[in-house]
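J.: Protein chains in written order, with this note's numbering: chain A, 31 to 372; chain B, 31 to 372.
Even glycine gets a Cβ: it sits at the ideal position worked out from N, Cα and C.
Model, not experiment: these values are computed from the prediction.
There are 2 protein chains.
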Amino acid sequence: MARTGRKPTIKDLAQAAGTSPATASLVLNGGWRNHRINPDTAERVLQLAQSLGYRPNQRARALRLNRSSLAGLIVPHHRNRFFAGLTEHFEAESHARGLIPLVASTQRDARIEQKLADTMIAQEVEFLVLAGTEEPARINALCREAGIRCVNVDLPGGTGFSVVTDNHGGARDLTRRLMAGLPPETGALFLGGRRNEYATEARIDGFRTALAESGRDPDVAAIHCCGYSPQAACEAMGAILDGGATLPKAILVNSITAFEGFARFWQGHAADLPDLRVACFDWDPFAACLPIETIMLRQDVETLIARCFAWFDGTALRDGEIEVVPAKVVVDDTRPGATGAL
Amino acid sequence: MARTGRKPTIKDLAQAAGTSPATASLVLNGGWRNHRINPDTAERVLQLAQSLGYRPNQRARALRLNRSSLAGLIVPHHRNRFFAGLTEHFEAESHARGLIPLVASTQRDARIEQKLADTMIAQEVEFLVLAGTEEPARINALCREAGIRCVNVDLPGGTGFSVVTDNHGGARDLTRRLMAGLPPETGALFLGGRRNEYATEARIDGFRTALAESGRDPDVAAIHCCGYSPQAACEAMGAILDGGATLPKAILVNSITAFEGFARFWQGHAADLPDLRVACFDWDPFAACLPIETIMLRQDVETLIARCFAWFDGTALRDGEIEVVPAKVVVDDTRPGATGAL
DNA sequence: GGGATTTGCTAAATCCTTTTAGCAGGTGAC
DNA sequence: GTCACCTGCTAAAAGGATTTAGCAAATCCC
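(1) From the beta carbon of Gln-88 of chain B, is the nearest beta carbon of chain A less than 8 Å away?
(2) Taking C-beta pairs closer than 8 Å, name the residues in chain B that Ala-6 of chain A reaches, listed in chain order.
(3) So, under 8 Å CB-CB, Pro-151 of chain A and Leu-160 of chain A are touching, yes? Tell me the CB distance rounded to an integer number of Å.
(4) For Asp-314 of chain B, count neighbouring Cβ atoms within 10 angstroms of its own Cβ and tell me buried if that reaches 16, exposed if not.
(5) Compare the Cα-Cα distances from Val-57 of chain A to each of A:Thr-39, A:Ala-167, A:Thr-205 and A:Leu-76 and report the closest residue.
(6) Output, in chain order, the set of chain A residues within a Cβ distance shorter than 7 Å of Val-133 of chain B.
(7) Whole angstroms are fine: how far does the CA of Met-267 of chain A sit from the CA of Gly-274 of chain A?
(8) Kindly indicate which three-state DSSP category His-125 of chain A falls into: helix, strand or coil?
(9) Mind checking which residues open and close the beta strand (DSSP E) that includes Asn-182 of chain A?
(10) For Arg-111 of chain A, return the contacting residues in chain B, with the cut-off set at a CB-CB distance below 7 Å.
(11) Does the beta-carbon distance from His-198 of chain B to Phe-220 of chain B come in below 8 Å?
(12) Quick check: Glu-24 of chain B and Leu-129 of chain B, are their CB atoms within less than 8 Å of each other?
(13) Distance cutoff 8 Å, beta carbons only. Does Pro-315 of chain A sit that close to anything in chain B?
(14) For the alpha helix (DSSP H) containing Leu-132 of chain B, list its first residue and its last residue.
(15) Using a cut-off of 7 Å between C-beta atoms, extract the partners of Thr-117 of chain B located in chain A.
(16) Is it the case that the Cβ atoms of Ile-104 of chain B and Thr-136 of chain B are separated by a distance below 8 Å?
(17) Do you know how far the Cα of Asp-305 of chain B is from the Cα of Trp-296 of chain B?
(18) So Asp-312 of chain A and Phe-339 of chain A are supposed to be a Cβ contact under 8 Å. How far apart are they, rounded?
(19) Let's see if you can read the secondary structure: which residues bound the beta strand (DSSP E) around His-254 of chain B?
(20) Got a sec? Which residues, its chain only, sit under 6 Å from Ala-133 of chain B by beta carbon, not counting five neighbours each side?
(21) Measure the beta-carbon distance from Ile-38 of chain A to Leu-100 of chain A and round it to whole angstroms, keeping in mind my assumption that it falls under 8 Å.
(22) So, for Thr-230 of chain A: in the same chain, excluding its five sequence neighbours on each side, which residues have a beta-carbon less than 7 Å away from its beta-carbon?
(23) Does the distance from the C-beta atom of Leu-334 of chain A to that of Lys-358 of chain A stay below 8 Å?
(24) Can you grab the Cα-Cα spacing for the pair Gly-200 of chain B / Gly-190 of chain A, in whole Å?
(25) Counting only runs of 4+ residues fully inside the segment 208 to 246 of chain A, write out the alpha helix (DSSP H) ranges in chain order.
(26) For Gln-153 of chain A, which residues in chain B fall below 8 Å Cβ to Cβ?
(27) Please determine, among B:Asp-330, B:Thr-71 and B:Ile-352, the residue with the shortest C-alpha to C-alpha distance to Phe-113 of chain B.
(28) If we ignore side chains and look at the alpha-carbon of each, how far apart do Gly-61 of chain A and His-125 of chain A end up?
(29) What is the DSSP secondary structure of Phe-191 of chain A, counted as helix, strand or coil?
(30) Using a Cβ cut-off of 8 Å (strictly closer), state whether Lys-219 of chain B contacts chain A.
(31) Of all the CB atoms in chain B, is at least one closer than 8 Å to the CB of Met-31 of chain A?
(32) Just to confirm, are Glu-265 of chain B and His-119 of chain B a CB contact at a threshold of 8 Å?
(33) Suppose the cutoff is 7 Å on Cβ atoms and the five residues either side in sequence are ignored; what does the same chain contact list for Ile-352 of chain B look like?
(34) Kindly indicate which residue of A:Ala-90, A:Cys-173, A:Ala-301 and A:Arg-138 has the alpha-carbon position closest to the one of Glu-164 of chain A.
(35) Helix, strand or coil, according to DSSP, for Thr-276 of chain A in the structure here?
(36) Under three-state DSSP, which class holds Lys-358 of chain B?
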């Protein structure tokens, strides 16, 4: 009889069915056709597994099979649509492959980031995606050493395979719309992000390209890379105003996080900013409702994640390469389903 | 010599150090003081572990110790501050206890929810938190059967321990502020949520309490529980307007998700809605920047999660009880750090 | 010097599942 | 009768770490 009070093991199941654990295992794992198990026996085992409430011990299973069945994702946080979207699609793709998603946020703290990476590697995740990490190259190296497949999202600074949004093209398209119909002498401002950071530089480039296209002098545009915190973006705007400069009529805000700071600033200075036109390299449903003419861009998180998994599945590019995913300028925010059904 | 090309096991480490695996294990797990291991030996093992890059196989370890070291959280999605906040604090509390957080989203799909619960139980998570699930009672029962500790957040419909926001008090305070200074004949509208759902009913109750307090007839207030989708909230507003009714001057929106729909409606009808005053049972940084007089409430996600873990730690209430956590009406959105540093 | 104690370490069991190699008994062919 | 083959199943190893019980050698005490 099965030891009472304990969770039944495969031994208990086998004993109850009058077979060996080997047989029970073969039956449960579906390999019994190839192993000439009598259908009656199989049926008996299956029935008993049900009635005993037998659940295989996943740790023993994982040990024996030498598979963790884990897929890891590291993001800075979950507090905006971009990262939330990455997380949700990552979950879906993981489940589709029978992997368990292990999502963790660094809060942009380098120590936490290091710890999370260590944990992921110690757990021998079968696949690791890095988004918004500070030291992708270092983690890439650790993964390589541990034999773990690793992809960087929007972080081609690393040494592994990368999937990135078309930052240049996106910023260019956004800027084209931003400047459309404005007189040639209209000034433009680029706000947010970090200088020398891959994504920011590419966006600045796209921004300048569009300005040049429209006959403007791209070098005249003001570039204020104040980082990603709302606080900093808000203060940067204030500093420009306090400096006595006339604020440009057109602003391209780099990332929704900086836009949060811009919105806070705008809230206090709406009267000083007539006819302001704004574009944002990211999207948020509430931000889209602000009564400023705002053109937003949605990064294609679904495709970004899909390309990561395609590489993992082995059908994609070789190591060290970069895959570029286009972004979409949001035309109509109010269309049904724009914000996703809840 | 260690088998080359493979990850070193504790056997390899022991062999290299000239000891037995038992000794190596004792050294690595710190139990060596009690086991009279020679400090020189311990030092040698530690050194070699470092230089060989030895990492214990977590699956073997978990099997032997019969611990999964996993803590599970199930949420509907990550696309608003409430759930994002729950997730982030859950991660932090898990890490503080040496647990690995396993966070998964149902997308409000009952089948996914069931699958996630099954996975969590199959993985034998040591602790499971349910937030915004459709069938908490069923999952509670499964957990009980499997011997897994389980807590419901804002879902006392379940059979286990629950931690809830003070929905009644929160809605009451919110309504007090919403109606403050308005003439007694001002009508009020409650928008969003689901009838007969615990949280919604408690909030309606608080809403009515505050109306009665201020000498208004609570039964006159319009209650429009249109669910949680932005789409539905937007349409509900439109229907009221189309119905020829005068829109009340004061609206309490139940949840940020419904507020998203309200904001979309407002965007198209700002002119029709002078002097509108709005309150929202939830908070979002962008929503707080809309040029409508909006009073928002922040649920105390940090405390909600902290209380869950306190119960898990065994220092808290008995099973079946409900713990109530107050919420905070947001007074000043623009204070530094209000949106969290990014 | 001999019994008692301490020191430093190890053998072996254990956790639970999966999988390979092969056993015993029966059937069919000639 | 013998050989080959099939059927249905099982024994046992493997996977890697932890932990208990206990061994051998050294030290101590009188």
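T.: Considering the structure as presented:
(1) The residue labelled residue 88 of chain B in the question sits at position 58 within the second sequence. Output row for Gln-88 of chain B: interface = yes.
(2) This structure leaves residue 6 of chain A out entirely; chain A is present only between 31 and 372.
(3) For the purposes of this step, residue 151 of chain A is taken as residue 121 along the first sequence, with counting starting at 1. For the purposes of this step, residue 160 of chain A is taken as residue 130 along the first sequence, with counting starting at 1. The amino acid at residue 151 of chain A is misidentified as Pro; the sequence shows Ile. Between Leu-160 of chain A and Ile-151 of chain A the Cβ distance is about 12 Å, and since that is not below 8 Å, they are no contact.
(4) Counting from 1 along the second sequence, the entry for residue 314 of chain B is found at position 284. Asp-314 of chain B should be labelled buried.
(5) The sequence position of residue 57 of chain A within the first sequence is 27, counting from 1. It is A:Leu-76 whose Cα lies nearest to the Cα of Val-57 of chain A.
(6) By one-based count along the second sequence, residue 133 of chain B stands at place 103. Neighbours of Val-133 of chain B on chain A, chain order: Val-133.
(7) By 1-based counting over the first sequence, the position of residue 274 of chain A is 244. By 1-based counting over the first sequence, the position of residue 267 of chain A is 237. Between Gly-274 of chain A and Met-267 of chain A, the C-alpha separation is close to 12 Å.
(8) As a working note, residue 125 of chain A is residue 95 in the first sequence. Correct three-state label for His-125 of chain A: helix.
(9) The residue labelled residue 182 of chain A in the question sits at position 152 within the first sequence. Here the beta strand (DSSP E) through Asn-182 of chain A covers 179 to 183.
(10) Counting from 1 along the first sequence, the entry for residue 111 of chain A is found at position 81. Under the 7 Å cutoff, chain B gives Arg-109.
(11) Within the second sequence, the letter at position 168 stands for residue 198 of chain B. Within the second sequence, the letter at position 190 stands for residue 220 of chain B. Cβ distance not < 8 Å, so His-198 of chain B and Phe-220 of chain B don't count as in contact.
(12) Outside the shown range of chain B, which is 31 to 372, sits residue 24 of chain B, and nothing can be said about it.
(13) The residue given as residue 315 of chain A occupies position 285 in the first sequence. Closer than 8 Å: yes.
(14) As a working mapping, residue 132 of chain B is identified with position 102 in the second sequence. Here Leu-132 of chain B belongs to no alpha helix (DSSP H); instead the beta strand (DSSP E) covers 130 to 135.
(15) Counting from one through the second sequence, the residue named residue 117 of chain B turns up at place 87. Those within 7 Å of Thr-117 of chain B in chain A are His-108.
(16) Within the second sequence, residue 104 of chain B is the residue found at index 74, counting from 1. Within the second sequence, residue 136 of chain B is the residue found at index 106, counting from 1. Cβ atoms of Ile-104 of chain B and Thr-136 of chain B: closer than 8 Å.
(17) Taking the second sequence and counting its residues from 1, one reaches residue 296 of chain B at position 266. Taking the second sequence and counting its residues from 1, one reaches residue 305 of chain B at position 275. The alpha-carbon atoms of Trp-296 of chain B and Asp-305 of chain B are separated by roughly 12 Å.
(18) Within the first sequence, the letter at position 282 stands for residue 312 of chain A. Within the first sequence, the letter at position 309 stands for residue 339 of chain A. About 23 Å separates the two Cβ atoms, so there is no contact after all.
(19) Taking the second sequence and counting its residues from 1, the one referred to as residue 254 of chain B is at position 224. Counting along the chain, the beta strand (DSSP E) containing His-254 of chain B begins and ends at 252 to 254.
(20) The count along the second sequence starts at 1 and reaches residue 133 of chain B at position 103. Note on identity: in this sequence residue 133 of chain B is Val, with Ala being the wrong assignment. Closer than 6 Å at the Cβ level, and outside the excluded window around Val-133 of chain B, lie Leu-103 and Thr-117.
(21) To locate residue 38 of chain A, count along the first sequence from 1; it is residue 8. To locate residue 100 of chain A, count along the first sequence from 1; it is residue 70. Correcting the residue type first, residue 38 of chain A is Pro in the shown sequence and not Ile. That belief does not hold up - the Cβ atoms of Pro-38 of chain A and Leu-100 of chain A are roughly 26 Å apart, past 8 Å.
(22) Here residue 230 of chain A is taken as the residue at index 200 of the first sequence, counted from 1. Within the same chain, Thr-230 of chain A has close Cβ partners Gly-223, Arg-224, Cys-255 and Asn-284.
(23) By one-based count along the first sequence, residue 334 of chain A stands at place 304. By one-based count along the first sequence, residue 358 of chain A stands at place 328. No, they are not a contact pair.
(24) Indexing the second sequence from 1 puts residue 200 of chain B at position 170. Indexing the first sequence from 1 puts residue 190 of chain A at position 160. One C-alpha to the other measures close to 49 Å.
(25) 228 to 243
(26) Numbered from its first residue, the first sequence carries residue 153 of chain A at position 123. Ordered by position in chain B, the residues that pass the 8 Å Cβ test against Gln-153 of chain A are Gln-88 and Ile-130.
(27) Translated into the one-based positions of the second sequence, residue 113 of chain B becomes position 83. Of the candidates B:Asp-330, B:Thr-71 and B:Ile-352, the one whose C-alpha sits nearest the C-alpha of Phe-113 of chain B is B:Asp-330.
(28) As a position in the first sequence, residue 61 of chain A is number 31, starting the count at 1. As a position in the first sequence, residue 125 of chain A is number 95, starting the count at 1. So the two alpha carbons sit approximately 23 Å from each other.
(29) Within the first sequence, the letter at position 161 stands for residue 191 of chain A. Correct three-state label for Phe-191 of chain A: strand.
(30) As a position in the second sequence, residue 219 of chain B is number 189, starting the count at 1. Per the sequence presented here, residue 219 of chain B reads as Leu, with Lys not at that position. No, its Cβ sits nowhere closer than 8 Å to a Cβ of chain A.
(31) Here the question's residue 31 of chain A lines up with position 1 in the first sequence. With a pLDDT of 44 at Met-31 of chain A, under the threshold of 50, the modelled position of this residue cannot be trusted; read the value that follows with caution. With 8 Å as the cut-off, Met-31 of chain A does not count as an interface residue toward chain B.
(32) Taking the first residue of the second sequence as position 1, residue 265 of chain B is located at position 235. Taking the first residue of the second sequence as position 1, residue 119 of chain B is located at position 89. No.
(33) Residue 352 of chain B sits at position 322 when you count from the first residue of the second sequence. Within the same chain, Ile-352 of chain B has close Cβ partners Pro-186, Ser-192 and Val-194.
(34) In the first sequence, the residue the question calls residue 164 of chain A occupies position 134. Here the closest residue by C-alpha is A:Arg-138.
(35) Here residue 276 of chain A is taken as the residue at index 246 of the first sequence, counted from 1. If DSSP states are grouped into helix, strand and coil, Thr-276 of chain A belongs with coil.
(36) In the second sequence, residue 358 of chain B corresponds to position 328, counting from 1. Lys-358 of chain B falls in the strand class under three-state DSSP.
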